[in-house]
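Participant: Take 271 as the starting number for the sequence shown in my numbering and just add one per residue.
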Amino acid sequence: MNWSASVLTTVFSDTEPTIIITFDSAKYIFNGCQNTNRLLMTFVDATIKMLNVVGPPGLTHYLASMRLYTYRDSMRVKPVEASSYTTTASPPRPIYKDENVTVYALSISSSPDSEMAAIATDGAATSDLSALDIPSKRKREATPDSPRKRSSNQTLKELMEDPDFLPEDLTNERAHEWREHVIKTMFPDTKINSPKKGGKAKVSKPVQQDNGDGSANVDDSRRPRATPPKGFHMQLPTFSCTSDVQALAYVVIGPRVRGKFDVKKAVELGIPFGPLRAKLTRGESITFKVKRGDEEFERTVKPEECIGPSETPGVIIVLDVPSIHHIPDLVSSFKDSEFYRQFLSKVPGTSDNYAVRNIFHLCGDNVLGDERYKAFMKEFAPDVNHIVASREHCPDPVTFTSAAFNQLRLSELDNTMFPVPKYRLDPEKEFSAIGGLPEKIHIMASNLYMNMRPPAPPIIENLPGDGDRFHQAVKKSSSLDLSPLTSEKFAAARLNVTNAIEKGIDVPKGAGVGVLPLGTGSALPSKYRNVSSTLIQIPGWGNILLDAGEGTWGQLIRYFGTDDTSSPNVWDVLRNLKCIFISHIHADHHLGLSTILTKRRSLNPLPTEPLYLVTIRGVNMYLRELSDILDLGLNDPSGNGVVQIQSEAVHYRRTEYATGGMWQVGGNEPWVDREVFKTVDVYHKTRCYGCVITHVDGWSIVFSGDTQPTDNLVRAGRGATLLIHEATMADEQEDMAKRKGHSTFGQAITIGKRMKASNILLTHFSARYPKMPPSGLKPRPGGSKEPTIAVAFDHVNLTIGNMWKIGYYLPALQQSFCDTIEGDDDEEAAAAIEAVDVDLT
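(1) What's the C-alpha gap between Ser360 and Asp606?
(2) Taking the alpha-carbon positions, what's the Asp1176 to Asn370 distance?
(3) With three or more beta-carbon pairs closer than 8 Å as the criterion, would you say the region 1024 to 1037 touches the region 993 to 1008?
(4) Report the residue from Asp751, Asn655, Ser753, Ala761 whose alpha carbon sits nearest the alpha carbon of Glu709.
(5) CA-CA distance, Met1006 and Cys849?
(6) Assign Ala375 to one of two classes, buried (16 or more other C-beta atoms within 10 Å of its C-beta) or exposed (fewer than that).
(7) Between Ile318, His331, Thr1069, which lies nearest to Pro778 when the distance is taken from Cα to Cα?
(8) For Glu581, tell me which candidate among Val801, Tyr624, Lys1026 has the shortest Cα-Cα distance.
(9) In whole angstroms, give me the CA-to-CA distance for Gly975 and Lys1023.
(10) Write down every uninterrupted run of the beta strand (DSSP E) in the region 700 to 782 whose length is 3 residues or greater and which is fully enclosed by it, in chain order.
(11) Which ranges does the alpha helix (DSSP H) cover as unbroken runs of at least 4 residues, wholly within the region 858 to 918, from first to last along the chain?
(12) Within its chain, find whatever has a CB closer than 8 Å to the CB of Arg694; leave out the 5 residues flanking it on each side and keep chain order.
(13) For the beta strand (DSSP E) that Ile971 lies in, which residues bound it at each end?
(14) According to the neighbour-count rule (16 or more other Cβ atoms, all chains shown, within 10 Å of its Cβ), is Val912 buried or exposed?
(15) Taking Val626 and Ile597 to be in contact with their CB atoms under 8 Å, please state how far apart those CB atoms are, rounded to whole angstroms.
(16) In this structure, what does DSSP give as the bridge partners for Glu377?
(17) Would you verify that the beta carbon of Cys664 is, or is not, closer than 8 Å to some beta carbon of chain D?
(18) My understanding is that Met891 touches Ala275, with C-beta atoms under 8 Å, so please give their C-beta distance in whole angstroms.
(19) In whole angstroms, give me the CA-to-CA distance for Pro437 and Gly302.
(20) Which whole-angstrom value describes the C-beta separation of Pro1043 and Lys759, a residue pair presumed to lie in contact below a C-beta threshold of 8 Å?
(21) What whole-angstrom Cβ distance do Glu575 and Lys535 have, given they're in contact under 8 Å?
(22) With DSSP as the reference, label Pro454 as helix, strand or coil.
(23) Could you please give me the residues that DSSP links to Gly1016 through a beta bridge?
(24) So, under 8 Å CB-CB, Pro507 and Ala445 are touching, yes? Tell me the CB distance rounded to an integer number of Å.
(25) May I ask you to list the residues that DSSP assigns as paired with Phe300?
(26) Put Pro437 into one of helix, strand or coil per three-state DSSP.
(27) Provide the residue(s) that pair with Phe558 in DSSP beta bridges, ordered along the chain.
(28) Can you tell me whether Asp981 is buried or exposed? The criterion is at least 16 other CB atoms within 10 Å of its CB, across all chains shown.
(29) Let me know the secondary structure DSSP gives Gly442 once reduced to three states.
(30) Between the beta-carbon of Val801 and the beta-carbon of Asp858, is there less than 8 Å?
(31) Reducing DSSP to helix, strand and coil, say where Met647 ends up.
(32) Could you check where the beta strand (DSSP E) with Arg346 kicks off and where it finishes?
(33) May I have the straight-line CA-CA distance separating Ser287 from Gln677, to the nearest angstrom?
(34) Would you call Asp684 buried or exposed, if buried means 16 or more other Cβ atoms sit within 10 Å of its Cβ?
(35) Using 8 Å as the cut-off, can you tell me whether the region 449 to 456 makes contact with the region 325 to 342, which would need three or more C-beta pairs spanning the two stretches below that distance?
(36) What is the DSSP secondary structure of Glu996, reduced to helix, strand or coil?
Structural data, given as structure tokens:
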């Protein structure tokens, strides 16, 4: 039974470490990170029927908080939480076990008051990259039960039958049982209207209803959703963190493979062919009759008489050590436990029970250089491979190399509008600067592959189709090899822009306002486009983020970088973030939100002003639930946390903010002293809002969210300086756009013209158009009353004043994209389209 381990992602700016253990019959993933939700959706579409999700206390609460935007009826998800019973029992019990692996979990606590050892041996200062580690929720004492808390003597079913049932009143076991019930509703494992053999499936028309939280109208015309239980759309019970900040370490033990069957010895012993030999291979003794001459007698044979010694099971250890304060508990967890102590061995082969082959070290800042940690690493046998993920000691190459290569080429056209993503090919600190490390130490890199059986040293696996042209190009000292036609079109485009400037370009109001698309795709990330997010940068005031799909934080880092000697860097942008607007509950518009909020809480010093979050009830609610396990900064009494505002409270038809009731805002909030922020209800498959930002200097920006063409947007945004409108489908796909609650290119432009918008930026493109959407746009002649129309690309550096250039650059862009077509582009687009046709909410 051969098996292996590999590294899918490591500690880059836009990824966290993910490790995959592979058998012929199963795969095991360690660390899903921000994309856990997308991972679950992908597994369902891959026809996986059962998935165990293992993690620390709070995992079930975390999964249940996704209920308003996660539903699949063809897979069952079983959450398994590590508890003190599984981590500290003697001997410990496996947290997971099957025919391939036995997994043990160690809960590692932070001990900030522990004696400090010498930390760094290279003399370098601590980097600001420490803020890249997501902070966990601070320790919180359990609160006494309120009078409304429900008695645990009643069953959950009995409590749910109460007319006054509120999930948030549940405590202890009943609260956990409710969360598990919610997850079963999210993943019911029921095939609705399954057809009989030879028959056709009977498709029911989905029921469209409004649950009041934006979670209604599941965008899937093929599979209607079953009615959720009472209380499903209400607040989850509070999850109380009563212990120190913890991390989990995992010990993964592979199978014990039996020794080789000695056929010659079996013949000598007279063992007949068939079931008896099979019993021996299963470890069972056998008894059979043997003839010796005329005499017949019984012989008993034990397995060890004709089967060689079994192989020592291989072991992989995954250590998550977020800070130096976790080191003491990690070390004592191994040394003080009779079970875990057996994995420590300075001499190879001294333990016949297990053979540790590879250890993955996920290290926070200064951990690797800590003398205590180096001594701990050397407690393992010298033949163990130590694979280290440390932001200080790992390079930071670009992850999405195809998109970066396109951007690199376009920087030859206009290096201001198309800046090259930030990257670093050399680590900030070399391993060689740290003395006393084990001999077999390796940087954790993507595609690092380790054979566990038969054992082999780690190697970088070159995957087919992994054509990284970006890093090949940037390592060259010479310029890019552009085709003659592309060079010609680049030169013509630059000349046309120069001529237009010489003839005179009208400078619009708000010309310096930055518009940075961070994600311009729809439904799910693709090779060239991330999902929805746009950063508005207002000079002298601050930033507004419109939607925050997964990967938004990584996109910000790739654009601005983390170098605190340059400005603006990503920390400056985050500190000056004044408002986030989330249009609706669909996952591609908000999965990156919690990461943005946790990163903001890691700033040192913290911002001096609050961050205003405007969104629907469903998003506000799940963030409150997440705040039980993550420090998001909600309701921070210091005044610099997150202020949650319901989208309905700032609706454009309201003459003033509501100061009472469920939509209260609290009066004239200080963040609108220079801007007026209003929301607009638009027409999507679920409750969705656009927004209008009006500045006192006379410019305004309208954002559509996801919507079909709607007069509401026209009325609310009339005379806008800039309309950012979704254009998911091509004009010939109008029926499909209507069915999915989206707009075509032509419809988006028509809305802009009816609104009398000066500029229209099209975004949120279907995966059918991986690079260049079929816009057919042309540059606007000088003095024309027609609006300037531009197509958004990830990381294009736009301002209201330079958006007109896109029209002149389009022929050059199209030619450059034609030059860089990759063999799997069409296949990826087809796969993405298929995924889009299934509801991802």
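Note that beta-carbon positions come from the ideal geometry of N, C-alpha and C, so glycine has one too.
Model, not experiment: these values are computed from the prediction.
Facilitator: Walking through what the data contain:
(1) 11 Å
(2) Here the chain comprises residues numbered 271 to 1111, so residue 1176 is not present and cannot be evaluated.
(3) yes
(4) Asn655
(5) 33 Å
(6) buried
(7) Thr1069
(8) Tyr624
(9) 18 Å
(10) 711 to 713, 718 to 723
(11) 863 to 871, 887 to 896
(12) Pro665, Asp666, Pro667
(13) 970 to 973
(14) buried
(15) Not really, about 19 Å apart at Cβ, beyond 8 Å.
(16) Residue identity differs from the one stated: residue 377 is Ser in this sequence, not Glu. Its beta-bridge partners are Leu518.
(17) This model lacks chain D altogether, as it is built from one protein chain only.
(18) With a Cβ gap of about 39 Å, Met891 and Ala275 do not count as contacting.
(19) 28 Å
(20) Rounded, the Cβ-Cβ distance is 19 Å, inconsistent with contact.
(21) 7 Å
(22) At residue 454 the sequence reads Lys, which differs from the Pro that was named. Lys454 falls in the helix class under three-state DSSP.
(23) For Gly1016, which the question treats as bridged, DSSP gives no partner whatsoever.
(24) 4 Å
(25) Ile289
(26) helix
(27) Arg569
(28) exposed
(29) The residue you asked about is not Gly; residue 442 is Asn in the sequence shown. If DSSP states are grouped into helix, strand and coil, Asn442 belongs with the helices.
(30) yes
(31) helix
(32) 346 to 351
(33) The sequence as given places Pro at residue 287; Ser does not occur at that position. Cα to Cα, the separation comes out at about 26 Å.
(34) buried
(35) yes
(36) strand
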